[in-house]
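Undergrad:
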Amino acid sequence: MISQKTGMVALLLLLLPLFVFCGCGQKVSWIHLEPKSIELNIAGETFQLKYAALDKKNEPVCDAVLTWTSSNTDVVAVDENGVLTAVGSGSSIVTVTSENGEKAVIQCKVSILGSIKVEPDQMELALGEKFQLDSKVLNEKGELFEDQVVGWASSNDSIVFVDDLGEITGIAPGEATITATTPGKAAVNAYGNSKITVKAAE
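For what it's worth, the numbering used here labels the leading residue of the sequence shown as 1, then goes sequentially.
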């Protein structure tokens, strides 16, 4: 009859290749993390990071315990599986750390489109007069977006014409609404309007 001790040895010999293959019990030498940076554009949007804890032979450490942290949880949250969740506009650094102190980081940016403010929001224009409208693209916190291009349209080109840069021209007496819009990522759009009145010639 096989003794209990002999049976235990046999079991360990059977499992040994599995432990060696997985790198179990090995120290984490570095953590592979992808991508290096990411931008999210909708509140609640999630993204699964790709990562692997590796030993000095670049073999996976299957029993590695990893801790995830976000430097700004008002911008992005991260769970224990490396899933990011957009919270609000801003920047954050997400860090994954092994038990023995090895780290990897990712730069996270959240840009949530809020609204467009067109200035002035209403005005009078003489026949043939030109004027340059101004637009400000804002996030959900009312903060200015950097380098955001808008598109322009007139509700009636025969009364007020607007070019691609937001310059308007009074064509005929009447009223028209000029709309600035920007197609955001993930099919999100924002709009801003200005009501223009073209005066009849005296």
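A virtual CB, placed ideally from N, CA and C, is assigned to each residue, including glycine.
Identify every residue that forms a DSSP beta bridge with P60.
TA: Taking the first residue of the sequence shown as position 1, residue 60 is located at position 60. Per DSSP, L54.
Undergrad: Tell me which same chain residues have a C-beta within less than 8 Å of the C-beta of I116, skipping the five on either side of it?
TA: Residue mapping note: residue 116 aligns to position 116 of the sequence shown, counting from 1. If we look at I116 and ignore the five residues flanking it on each side, its Cβ neighbours are S135, K136, V137, L138, V150, A180, T181, T182, A190, Y191 and G192.
Undergrad: Give the list of continuous beta strand (DSSP E) stretches no shorter than 3 residues that lie fully inside the region 29-104.
TA: If we require 3 residues or more, the beta strand (DSSP E) runs fully inside the region 29-104 come out as 30-34, 37-40, 46-48, 50-54, 66-70, 76-78, 83-86 and 90-98.
Undergrad: Quick check: V110 and G90, are their CB atoms within less than 7 Å of each other?
TA: The count along the sequence shown starts at 1 and reaches residue 110 at position 110. The count along the sequence shown starts at 1 and reaches residue 90 at position 90. Contact: yes.
Undergrad: Just how far apart, CA to CA, sit C22 and Q107?
TA: For the purposes of this step, residue 22 is taken as the residue at position 22 of the sequence shown. For the purposes of this step, residue 107 is taken as the residue at position 107 of the sequence shown. Residue placement at C22 cannot be trusted, given a pLDDT of 47 that sits under 50; what the coordinates show is reported in the next sentence. The alpha-carbon atoms of C22 and Q107 are separated by roughly 30 Å.
Undergrad: Go ahead and label G44 buried or exposed: buried means 16 or more other beta carbons lie within 10 angstroms of its beta carbon, across all protein chains shown.
TA: As a working mapping, residue 44 is identified with position 44 in the sequence shown. Classification of G44: exposed, given that the 10 Å Cβ count is below 16.
Undergrad: Note the first and the last residue of the continuous beta strand (DSSP E) segment covering G142.
TA: Here residue 142 refers to the residue found at position 142 of the sequence shown. No beta strand (DSSP E) holds G142; DSSP gives it neither H nor E.
Undergrad: Between the beta-carbon of A52 and the beta-carbon of H32, is there less than 7 Å?
TA: As a position in the sequence shown, residue 52 is number 52, starting the count at 1. As a position in the sequence shown, residue 32 is number 32, starting the count at 1. Closer than 7 Å, so yes.
Undergrad: Leaving out five residues before and five after T177 in sequence, what residues of the same chain have Cβ atoms less than 6 Å from its Cβ?
TA: Along the sequence shown, one-based indexing puts residue 177 at 177. Same-chain partners within the cutoff: S155, N193 and K195.
Undergrad: Going by DSSP, what residue range makes up the beta strand (DSSP E) through E167?
TA: Numbered from its first residue, the sequence shown carries residue 167 at position 167. Start and end: E167 to G170.
Undergrad: Pull up the distance between the alpha-carbon of W152 and that of P120, whole angstroms please.
TA: Taking the sequence shown and counting its residues from 1, one reaches residue 152 at position 152. Taking the sequence shown and counting its residues from 1, one reaches residue 120 at position 120. For W152 and P120, the distance between alpha carbons rounds to 14 Å.
Undergrad: To the nearest angstrom, report how far apart G170 and D147 are at their CA atoms.
TA: Here residue 170 corresponds to residue number 170 of the sequence shown, with the count starting at 1. Here residue 147 corresponds to residue number 147 of the sequence shown, with the count starting at 1. Those two C-alpha atoms are separated by around 28 Å.
Undergrad: Considering only C-alpha positions, which residue in the set S37, F145, F131 and T197 is nearest to L165?
TA: Counting from one through the sequence shown, the residue named residue 165 turns up at place 165. Measuring from the Cα of L165, the nearest candidate turns out to be F131.
Undergrad: Using only alpha-carbon positions, find the residue among A172, E202, A126 and T95 that is nearest to L49.
TA: Position 49 of the sequence shown, counted from the start, is the residue given in the question as residue 49. Taking only the C-alpha atoms, the option nearest L49 is T95.
Undergrad: Would you identify the three-state DSSP class for K130, choosing helix, strand or coil?
TA: Within the sequence shown, the letter at position 130 stands for residue 130. The answer is strand: DSSP assigns K130 an E or B state.
Undergrad: Buried or exposed for S98, please, with buried defined as at least 16 other CB atoms from any protein chain shown within 10 angstroms of its CB.
TA: Against the sequence shown, residue 98 aligns to sequence position 98. Its Cβ being crowded by 16 or more others within 10 Å, S98 is buried.
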